[in-house]
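These notes are about the structure you will find just below.
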Amino acid sequence: SLLRRQSVMSTSGDHALSAFLQREFLVHRTCGMSRTLVPRMKEASQDGLEELCRQVSDAAGASVYVGRAVGPPSAGVTVDGCERVLYFVLDPLDVDCKQVSFLPVGQEAAFEELYKLEV
Numbered sequence: 169s170l171l172r173r174q175s176v177m178s179t180s181g182d183h184a185l186s187a188f189l190q191r192e193f194l195v196h197r198t199c200g201m202s203r204t205l206v207p208r209m210k211e212a213s214q215d216g217l218e219e220l221c222r223q224v225s226d227a228a229g230a231s232v233y234v235g236r237a238v239g240p241p242s243a244g245v246t247v248d249g250c251e252r253v254l255y256f257v258l259d260p261l262d263v264d265c266k267q268v269s270f271l272p273v274g275q276e277a278a279f280e281e282l283y284k285l286e287v
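In my numbering, the protein residues as written are 169 to 287.
Okay, here's the thing in structure tokens:
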């Protein structure tokens, strides 16, 4: 992919889930994570998680972050200039792991292609 990427520092509050939820130019939808992606994210080392974020980013054409519901992400990839964002919220219970997809207002039709994204 020709998209310019950078890894995210785990201390970046600008990439916390709450920061994306407050952005008025983005709309969001929440769904459960795909059953194949949950174990891959949970079992990955930090380097492996960064690589998995890159793979998801390439598949979705989006910035991708992984973390808890509160606080900064533990891993992620930012795509410069891209307003499409996927935030994966990990939980000890697989069924409670969520994918929160953010798109610019007016691009809601793309939610369908992002639903329970498989990589």
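Idealized CB from N, CA, C, for every residue including glycine. Remember, predicted model here, so these are calculated numbers, not experimental data.
Within its chain, find whatever has a CB closer than 7 Å to the CB of residue i; leave out the 5 residues flanking it on each side and keep chain order.
i      : result
Ser169 : With a pLDDT of 41 at Ser169, under the threshold of 50, the predicted position of this residue should be treated as unreliable, and no value is reported.
Phe193 : Pro272 and Val273
Asp259 : Cys265
Who are the Cβ neighbours of residue i in its own chain at under 8 Å, not counting the five residues just before and after it?
i      : result
Arg191 : Phe270
Ser186 : Val238
Cys250 : Leu171, Gly229, Ala230 and Ser231
Ser178 : Unreliable placement is indicated for Ser178, whose pLDDT of 44 sits below 50; the coordinate value is still reported in the next sentence. The residues are Pro240, Pro241, Ser242 and Ala243.
Please work out which residues of its chain come closer than 6 Å, Cβ to Cβ, to residue i, disregarding the five sequence neighbours upstream and downstream, and give them in chain order.
i      : result
Gln267 : Cys199, Met201 and Phe256
Tyr233 : His183, Pro241, Gly244 and Tyr255
Val287 : Gln223, Val224 and Ala227
Name the residue from the options whose alpha carbon lies nearest to the alpha carbon of residue i.
i      : options                           : result
Val121 : Val287, Glu219, Cys250 and Val206 : Residue numbering for the chain in the displayed model covers 169 to 287; residue 121 lies beyond these limits and cannot be assessed.
Arg197 : Arg252, Glu211 and Leu258         : Arg252
Cys265 : Leu189, Asp248, Arg236 and Gly244 : Arg236
Mind reading off the beta-carbon distance from residue i to residue j? Whole number of angstroms is fine, and I expect it under 8 Å.
i      : j      : result
Leu285 : Val195 : Going by Cβ atoms, the distance from Leu285 to Val195 rounds to 17 Å, so no, they are not a contact pair.
Arg208 : Leu189 : The Cβ separation is near 25 Å, so there is no contact.
When the Cβ atoms of the segment 276-283 are set against those of the segment 209-217, are three or more pairs found closer than 8 Å? no
With three or more C-beta pairs closer than 8 Å as the rule, is the segment 230-245 touching the segment 194-207? no
Which runs of the beta strand (DSSP E) at least 3 residues long sit entirely within the segment 191-225? Give them in chain order. 194-200
Within the segment 233-263, ranges of the beta strand (DSSP E) (whole runs, at least 3 residues): 243-247 and 253-257
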